[in-house]
Structure formats: C-alpha cells, structure tokens
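Asker: What follows is a structure written as structure tokens; I'll ask about it next.
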Amino acid sequence: MICSSLCSWPIFNSLESKFVSQIHMVFVYGTLGNEALIVTKDKMVYGLGKNVNDCLGIGNKNATLKPQKVEALCGKDIKTFACGIGPHVYSWGFNNRGQLAQCVNKKNSLQVISIPTLVQLRTPEGSVSMKRIMNIACGSNHSVAITEDGEVYICGDNRFNQLGNIQNRYFNSSDNEYLFKPQLGNDNLDRKKIVHVSCGGTFTMAITKSREVYGWGNNSFGKLGIRENYETYIYTPQRVNLEQGLVVVKVVCGIEHTLALTDEKKIYAWGRNNDGQLGIGHTEFTSQPIMYIYIIKRQRTKKEKIISSSVSTSDLKIEVEGQVIYVHKAILKIRSLHFKTMFQHNWKENNQSTIKPVQFSYVVYKAFLKYLYTDVIDLPIEKTSELLDLAEEYCESNLKQYCIHMIKQGITVSNVAHFYAIAVKCNLQELEKFCVKFAINHKSVMTDDDFVELIQKMMKTFIMKVGKVSDFKK
C-alpha cells in the first residue's frame, strides 16, 4: 500500500510516517469511512477509528485515533478482511441478524462480538468444513463466503432474499427472516461452482467458474442487471444480461449499484445512479450493464519509460533547463486543460515543434508530464510544493489535490512550518488546518529551527490558532 493511496482517506492523516511506511494492506469501512483495519509488513493487525458496535475487534468499545492491535488476528497472515491463507474465517461486530455466523438462533445470539471469533462452517451433514475459504463478502446485514471447491456459505438477514430461496429447514420458526447459522447455498445455483462473490446492501452477486454472473435479492433500481424482470425481490439467482462472449473476472457492489471487470479490462456498471456513481454521464438508474471504462493495459519492465524518448513516436518536444522530453499532443490534450487550451486556441506554442517553459525546474516538469501519462507522482516531498505551484498555474485541480494529499502524508516536525507557510501563501485552508492539527499533536514543532524562521506575522497567526484549538480541547 503506497502513501498516495492512503491520502484519499482522512482517517489515516494522524498516523506517523514511520508507521505508514510499514503498512502492507488497509481496509476502510463504516458509513463515512470512519473505521479502518491495518495489516503491517510484520503481519500485525491494528484497528483505528470510531469503533461503532465494536467493529474494530480490539476487545473494547472505545474509539481510537491511534492504531490498536487486534490480538486475535495478529500473525494470521491476513489476505483480506477477515480471510487468511488458511481455512479459517473470523467475524466480529454487530450480530443482531446472525450476519456474523456465530450462533444457532436469535435467542442464543450475541448482539455484539468485540473480539474476532472463528466461524464454524458446517456442511448439510453436520460436519465442520475446514476447506480453504477463497472469498468473503458482507452486505448491510448478511455475509457470504466461498470455498476453494466453489461452495457458497450464507448467513444473516434474508428479508430481501439476499441469501436466496433458502429451504425452510435452515430457519428457526420464530425467526424465519434471519439465518443465524451459515448454510450451503449452491442449491440455488444449480450446483454451479462459484469463484467470486460480492454483496451490496441487500443483494448478492456471484461469478461462476464458467464466468457467468448471477444476482439475487433486492432488485430495486435494476441493481441485479436483469432487464426482463423488474420485480423488487429476486428469490433465486438470475443470470445478468451481459453481452455474449464477455469474460467477467470480478464484481464489486455499492449499496445499490454494481460494477463488473472483464478479462479485457473493460468495466460495466448498472443499478442506482442518483449521485452519478455509475460514471455514465447522467444520473438515471439502469438495469442494463453499460461499459464506461476501458483500462489501458501496459506492459511494465524494469526499463519502462512512459514518456517516450524516441523522436519517431512523438510529435512535440518540451525543453526544460536544456533537457528535452518527447511527448504526444493527443495525450496532453486529453489529460490537461492547460495543453488542451494551448493546442485549440491561437497560442504561439500551438505552431511550435518545441515548447520551452521557464517557470519550473526540469525535475518537476518531467514529474508533471509523467503524471499526465500515468496518474502517478514520482517526486520527493521537498519538490511537491513546486509541483503545487505548477498545478495552480495550469489550473490542474486534480493534481493540486493530489499534491495536498502527498504533503499531508509527508509532513514531519521538521517540515510542518515550511508547508504551513506554503498553505497560507496559497490560501490552502485544508492544508493550513492540517498543519495546525499536526502541531497540536506534536508540540516539539514549536522548538524546531524551521518554525523559528517563519516570518513574525505568520508565526503569531500560527501560534494563536494552535493555542485556540488546544484551549478548546481542554
């Protein structure tokens, strides 16, 4: 997990850079992304955040801004939460509808389980299944797991038929809406082997070994991708109406929409779209899977150069500090508003074969061009402020936000004053507040040499803000 990926989640802003450098994998969850589980390179597992309904598994109900060990999972070699490389599945948190698969019926159910607890999967014959679990998924109140043999185990809330048309013998007569004990569910799929599963809020999607996609449960807004059937609830798995010949390798579900990835790197979307979550250019829902992204497949080698150095493959040269970078106008126009405006209007550069920008250094400009090609910023933290200036000058809002996130992740006691000065100068209120918050939690900032070098007016403002927030916290 690289730092730039963590930038998108505010919950990680308070982590020390030394700890961040040891992160192997994270899992962010909760309605507002207020909880996270972290796996470090030494196979330790930590919980972080609000801890609603004991969902962090740290053994208590307290929220925490500092990573706390999840003792039951440490050293388990976690592959995905909470599925390790062995045959075991652990669950914890809210269990009011049997979604954790930890009891036989509602009467014996624990409402909250604060420590990760081993799930006992039993076959219809009653024996404990120790087969390797390959995939798990969780909806709002139901859970699904698949084994290496393609078997599907289900439990939890079934009020919207998100578990499928489960036989009555699986339910307690007084609690026939909930399944508190995980049961085998392949009968609903004509015994097809399942290789991948994903859950929405109240529906379930699965991929068979032959790469067919099935859905069942709540079908409002067409989120099951079934054109011919607009019934609210689908009781048995129905095949999604994808184009013939498509090979789907993965599906992921939001609360009320679904995305599918093919082997050709195409992404299809369907379901609710009130907030534009399908990315199809409007906000109308659709039950018809629509292809909206084609991911360019790149062959990566040790000597890979995204920006070609060959004159024969480029149609424009950019010369900075005497060094030439060969680029392609078409890509620059698509990826940058600055270059799009340049090439579509009567700028002098429009008719030049070589452009010579002078405001920025070669290192920063090359990093900018690489970002346009790859969406990756390859630049040391001390150069990020210059790239931020470039983003401001070129009206690159996404790049600007990316730089701010990078700076947040790279802030230390020795450089916080420097970046605070930049935040004030550029009126970056988000970054300014972050620097103040960092200083509150790291009082040694006040004695750092860089802090002393701030101009007097700025230093007074900085101290006043830190003091005001500190007094409020008391």
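full-length UniProt numbering applies: residue 1 is where the sequence shown begins, and numbers increase by one.
Quick reminder that beta carbons are idealized off the backbone N, C-alpha and C, glycines included.
For S309, which residues from the same chain have a beta carbon less than 7 Å from its beta carbon, with the 5 sequence-adjacent residues on both sides left out?
Answerer: In this predicted model, S309 has a pLDDT of only 47, less than 50, meaning its place in the structure is not dependable enough to derive any value.
Asker: Identify the continuous alpha helix (DSSP H) that holds K61 and give its terminal residues.
Answerer: K61 -> no alpha helix (DSSP H), and no H or E assigned at all.
Asker: If you count every other CB in all the chains shown that lies within 10 Å of the CB of Q409, and 16 or more means buried, which is it?
Answerer: Classification for Q409: buried.
Asker: Taking three-plus beta-carbon pairs below 8 Å as touching, is the segment 216 to 225 in contact with the segment 245 to 263?
Answerer: Yes: at least three Cβ pairs fall under 8 Å.
Asker: When the Cα atoms are used, what is the spatial distance from V20 to Y373?
Answerer: Each residue's alpha carbon lies about 27 Å from the other.
Asker: Just reading off the alpha helix (DSSP H) that S397 is part of, what are its end residues?
Answerer: Element bounds for S397: S397 to G410.
Asker: What three-state label does DSSP hand V363 in the structure shown?
Answerer: DSSP places V363 in helix when its eight states are reduced to three.
Asker: Just to confirm, is the Cβ distance from V197 to V144 under 8 Å?
Answerer: In contact: V197 and V144 (Cβ atoms closer than 8 Å).
Asker: Fully enclosed by the UniProt repeat "RCC1" (211 to 264), which beta strand (DSSP E) runs are 3 residues long or longer?
Answerer: DSSP runs (the beta strand (DSSP E)) wholly in the UniProt repeat "RCC1" (211 to 264): 213 to 218, 233 to 239, 248 to 253 and 257 to 262.
Asker: Helix, strand or coil for P380 per DSSP?
Answerer: P380 falls in the coil class under three-state DSSP.
Asker: With H, G and I counted as helix, E and B as strand and the rest as coil, what does DSSP make of T341?
Answerer: Reduced to three states, the DSSP call for T341 is helix.
Asker: State the start and end residues of the unbroken alpha helix (DSSP H) segment that holds E432.
Answerer: E432 -> alpha helix (DSSP H) spans Q429 to N441.
Asker: Looking at the unbroken beta strand (DSSP E) that takes in Y268, where does it start and where does it end?
Answerer: Where Y268 is concerned, the enclosing beta strand (DSSP E) stretches over K266 to G271.
Asker: In whole angstroms, give me the CA-to-CA distance for I146 and R335.
Answerer: Roughly 41 Å between the two C-alpha positions.
Asker: For K433, is the classification buried or exposed, using 16 other Cβ atoms within 10 angstroms of its Cβ as the cut-off for buried?
Answerer: K433 is exposed by the Cβ-count criterion.
Asker: Under 8 Å between the Cβ atoms of C435 and F419?
Answerer: Going by C-beta atoms, C435 is nearer than 8 Å to F419.
Asker: Which residues bound the alpha helix (DSSP H) around S17?
Answerer: Residues S17 to V20.
Asker: State the DSSP-derived secondary structure class of A72, mapped to helix, strand or coil.
Answerer: Note: A72 maps to coil in three-state DSSP.
Asker: For a test of the three-state rule: what should DSSP assign to V413, helix, strand or coil?
Answerer: Note: V413 maps to coil in three-state DSSP.
Asker: Buried or exposed, going by whether 16 or more other CB atoms sit within 10 Å of the CB of Y214?
Answerer: It is buried - the Cβ of Y214 has at least 16 other Cβ atoms within 10 Å.
Asker: According to DSSP, A391 sits in a beta bridge with which residue or residues?
Answerer: DSSP, once it has assigned bridges, lists no residue as partnering A391.
Asker: For E35, which of H24, K41, D42 and D54 has the nearest alpha-carbon?
Answerer: The option with the nearest alpha carbon to E35 is D54.
Asker: Starting from I331, trace the alpha helix (DSSP H) both ways and give me its first and last residue.
Answerer: It spans K329 to R335 - the alpha helix (DSSP H) in which I331 sits, taken as one unbroken run.
Asker: Buried or exposed for E243, please, with buried defined as at least 16 other CB atoms from any protein chain shown within 10 angstroms of its CB.
Answerer: By the 10 Å Cβ count, E243 comes out exposed.
Asker: From this set, N13, G33, I154 and L37, which residue's C-alpha is nearest H24's C-alpha?
Answerer: Considering only alpha carbons, the answer is L37.
Asker: Below 8 Å on the Cβ atoms is my guess for A269 versus G279; work out the distance and round it to an integer in Å.
Answerer: Indeed they touch by this definition, with Cβ atoms about 6 Å apart.
Asker: Using only the alpha-carbon positions, how far apart do V249 and V240 sit?
Answerer: Using only the alpha carbons, I get a separation of about 14 Å.
Asker: On the DSSP letters alone, give me the boundaries of the beta strand (DSSP E) that D157 sits inside.
Answerer: Unbroken beta strand (DSSP E) run through D157: V152 to D157.
Asker: For residue 501 and R211, I'd like the C-alpha separation in whole angstroms.
Answerer: This structure cannot settle anything about residue 501, because the visible part of the chain is limited to 1 through 474.
Asker: Identify whether H282 lies in helix, strand or coil by the three-state DSSP scheme.
Answerer: H282: coil per DSSP, three-state reduction.
Asker: D157: buried (16+ other C-beta within 10 angstroms of its C-beta) or exposed?
Answerer: Buried: at least 16 other Cβ atoms inside 10 Å.
Asker: Taking the alpha carbon of D42 as the point to measure from, which residue in N51, G75, V52 and N62 has its own alpha carbon closest?
Answerer: For the residues N51, G75, V52 and N62, the minimum Cα distance to D42 belongs to G75.
Asker: What is the rounded straight-line gap between the Cα of F368 and the Cα of K333?
Answerer: Taking the straight line joining both Cα atoms gives about 14 Å.
Asker: Based on Cα-Cα distance, which residue from K348, C403 and I381 lies nearest to D375?
Answerer: Out of K348, C403 and I381, C403 has the C-alpha closest to the C-alpha of D375.
Asker: Pair every Cβ in the segment 354 to 367 with every Cβ in the segment 377 to 391, then say whether three or more of these pairs are closer than 8 Å.
Answerer: Output reads yes: the segment 377 to 391 touches the segment 354 to 367.
Asker: Following the continuous beta strand (DSSP E) through E35, name the residue where it begins and the one where it ends.
Answerer: E35 to T40 is the span of the beta strand (DSSP E), which, as asked, contains E35.
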